[in-house]
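Data block below; observations after.
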Amino acid sequence: MTEASQLPVSPGAPFTARCGPSELRPIRRDDAADLFPQIHGQPGVIQWLSWSGPERVWDLEERYSAWRTGAADEPAYMFAVVDAADGSVIGEASLRFDDHPGVGELGYWLGEEHHGKGHGRATVELLTRAGFERFGAFALTARVKEGNEASIAVLGGAGYQAVRAPRVEGDDEDPPIAWIFSTTRRGDGRRSPRPAVEFLLTNSG
Ligand SMILES: CC(C)(COP(=O)(O)OP(=O)(O)OC[C@H]1O[C@@H](n2cnc3c(N)ncnc32)[C@H](O)[C@@H]1OP(=O)(O)O)[C@@H](O)C(=O)NCCC(=O)NCCS
């Protein structure tokens, strides 16, 4: 742990976190303008998500109007993924606790021009450590569509285990959700070595 990561942070307080080439920080409404062209009409991103993406910049502005949403016991947190080298916003990452207290679901996407440069690995590492070390999760999950080898690689590299997802009657996602990945706080703590993650307090709320 770095000195910064030992700062007393109340659960759910906004923070910035850094791992290798990438940072997470609370999303802001004005991130919509940077992120819209990276997802709208981009099949290399959208085909792997469980939503069809925004139609207008306004849709993203609404989505990003608060970094924390949901009821007190079922919060959802949304982050911007930032390239630490130049400060540009390259993707979106989220942690949702809306199914079960203490069990968070990861969501993430990066603009296609930023794929394959280690930002995906760093993003999953950052969400994982934030979930366990900042939000008190005891388990984290991610749902992955058939054929999403990059996502399978980054989750496996962060210590997640996969089970086959049950086929849900009436689920018309294409490709279908094929895998449910999960990890526990205990399991994550046993990983060795783990990439260095630095948490910093931030004022945005
Ligand atoms: C999934 C995603 C975040 C990964 O990000 P990324 O920055 O490309 O990932 P990284 O560069 O950190 O690492 C990707 C790893 O996957 C591996 N990979 C990529 N495509 C692969 C393929 N077709 N088969 C096997 N491995 C593959 C790479 O080799 C790399 O592993 P390495 O570090 O051992 O070389 C990114 O591709 C993305 O945003 N995809 C679209 C949205 C999405 O799928 N979101 C997740 C939904 S569950």
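Numbered by our numbering, the letters in the sequence shown go through residues 447 to 651 in order. Glycine residues also receive a C-beta, built at the ideal position from the N, C-alpha and C atoms.
Reducing DSSP to helix, strand and coil, say where THR522 ends up. Inspection of the sequence shows that residue 522 is occupied by Ala rather than by Thr. The answer is strand: DSSP assigns ALA522 an E or B state.
Do TRP625 and ALA608 have their beta-carbon atoms positioned less than 7 Å apart in this structure? yes
Kindly give me the distance between the Cβ atoms of PRO467 and PHE525, rounded to whole angstroms, as I take these residues to be in contact under 8 Å. PRO467 to PHE525, Cβ: 15 Å. No contact.
Selected residue, minimal CA-CA separation from ALA585, among ILE485, THR630, ALA459: THR630
Hey, GLY577 and TRP555: beta-carbon distance below 7 Å or not? no
Is THR587 helix, strand or coil by DSSP? strand
Cβ-heavy atom distance, ALA585 to ligand 1, below 6 Å: no
Would you check whether ligand 1 has a heavy atom nearer than 6 Å to the C-beta of GLU595? yes
Host alpha helix (DSSP H) of GLN569 (start-end): Residue identity check: residue 569 is Thr in the sequence provided, not Gln. Start and end: 565-579.
Nearest to LEU541 by alpha carbon, out of ARG575, ALA596, TRP494, GLU595? ARG575
Work out the CA separation of VAL527 and ASP476 for me, nearest whole Å. 14 Å
Residue closest to PHE627, alpha-carbon to alpha-carbon, out of THR515, HIS560, PHE645, ALA599: ALA599
Check the DSSP bridge columns for SER628 and list the partner residues they point to. THR587, GLN607
With 16 as the cutoff for other CB atoms within 10 Å, does TRP504 come out buried or exposed? exposed
Cβ contact check for the region 631-646 and the region 608-618: 3 or more pairs under 8 Å: no
Please classify SER638: is it buried, with 16 or more other beta-carbons within 10 angstroms of its beta-carbon, or exposed? exposed
Assigned secondary structure, ARG739 (DSSP; H/G/I helix, E/B strand, else coil): Because the chain is modelled from 447 through 651, residue 739 falls outside the range shown and cannot be assessed.
So is the beta-carbon of VAL600 under 6 Å away from any non-hydrogen atom of ligand 1? yes
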